[in-house]
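Taking it in order: structure first as structure tokens, then the write-up.
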């Protein structure tokens, strides 16, 4: 039996990294009792972000109306939560917020042509690129380095980045999930039926997955 998860998230969302780490721990705890397959679905926190991005504290203070000190305190909390679930962030934090649409196009490609496990590997590496390495996501080299670490074809990925391939498909997926009422991430849809929102801890994910698996067995 396989439990399917649609993990709606953005590369630029630190809570999405925290949530994914918790979900990965839950799946590890479940072991081989039943299979859990994650499909990553696109969501953009900053769809209008221009090339070059924006300085992170400038962006977050403007977006949320908080002071630099408040933003820094929140970022430190997220950093600790992320490290605890296997996603250590750069000690000095990310410097800029970038547009992530190209990353979503590559994730769509990975899932379509190579399957869920390959897409999962690429998702992890893109999160590492953004939060742990904290390098420029607008630089194709940095993105292709993530593709290489995920053991996927960098030539194929480069050809996608050089065109608008999969742009329409990603836009359609974004519309699909926003039309379902998803306006914050991470949002986790289990078996296309149950919705979990936010960066849940591993035990909450594990309990939810076991409950869904038990319901499937009883039906």
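Numbering (the working numbering), first residue to last: 254 to 472.
Positions of the beta carbon are idealized from the N, C-alpha and C atoms, including for glycine.
All figures in this text were calculated on a predicted structure; none of them were measured in a lab.
Residue 449 - DSSP class collapsed to helix/strand/coil: strand
Neighbourhood of residue 450 by C-beta distance below 6 angstroms, restricted to the same chain and skipping five residues each side: 440
Three-state secondary structure assigned by DSSP to residue 255: strand
Cross-strand partners of residue 310 (DSSP beta bridge): Beta-bridge pairing links residue 310 to no other residue.
CB contact flag (residue 321, residue 466, <9 angstroms): no
Rounded distance between the beta-carbons of residue 371 and residue 396, thought under 8 angstroms: So it is not a contact: roughly 16 angstroms between Cβ atoms.
Straight-line gap, residue 319 to residue 272 (C-alpha atoms, nearest Å): 23 angstroms
Boundaries of the alpha helix (DSSP H) in which residue 459 is found, first to last residue: 455–471
Whole-angstrom distance between residue 471 and residue 296, CA atom to CA atom: In a straight line, the C-alpha of residue 296 is about 34 angstroms away from that of residue 471.
Extent of the continuous beta strand (DSSP E) run through residue 267: Segment 267–283 is the alpha helix (DSSP H) holding residue 267; no beta strand (DSSP E) there.
Residue ranges of each alpha helix (DSSP H) within the region 286–366, 4 or longer: 309–317, 321–337
Three CB pairs or more closer than 8 angstroms across the region 425–443 and the region 291–307: Taking 8 angstroms as the limit for Cβ pairs, the verdict is that the region 291–307 does touch the region 425–443.
At least three beta-carbon pairs within less than 8 angstroms, the region 368–383 to the region 398–418: yes
Residue from 367, 420, 331 with nearest C-alpha to residue 347: 331
Collapsed DSSP secondary structure at residue 428 in the structure displayed: Looking at residue 428 - three-state DSSP - the assignment turns out to be helix.
Cβ-Cβ separation, residue 385 to residue 343 (assumed contact under 8 angstroms), whole Å: That belief holds up - the Cβ atoms of residue 343 and residue 385 are roughly 6 angstroms apart, short of 8 angstroms.
Residue 375 and residue 359 closer than 9 angstroms at C-beta: yes
Residue 413 - DSSP class collapsed to helix/strand/coil: helix
Cβ neighbours of residue 280 in the same chain (closer than 7 angstroms, five flanking residues each side left out): 289
Assumed close pair residue 353, residue 263 - CB separation to whole angstroms, cut-off 8 angstroms: 6 angstroms
Under 9 angstroms between C-beta atoms of residue 445 and residue 361: no
Host alpha helix (DSSP H) of residue 476 (start-end): Any property of residue 476 remains undetermined from this structure, which presents the chain solely from 254 to 472.
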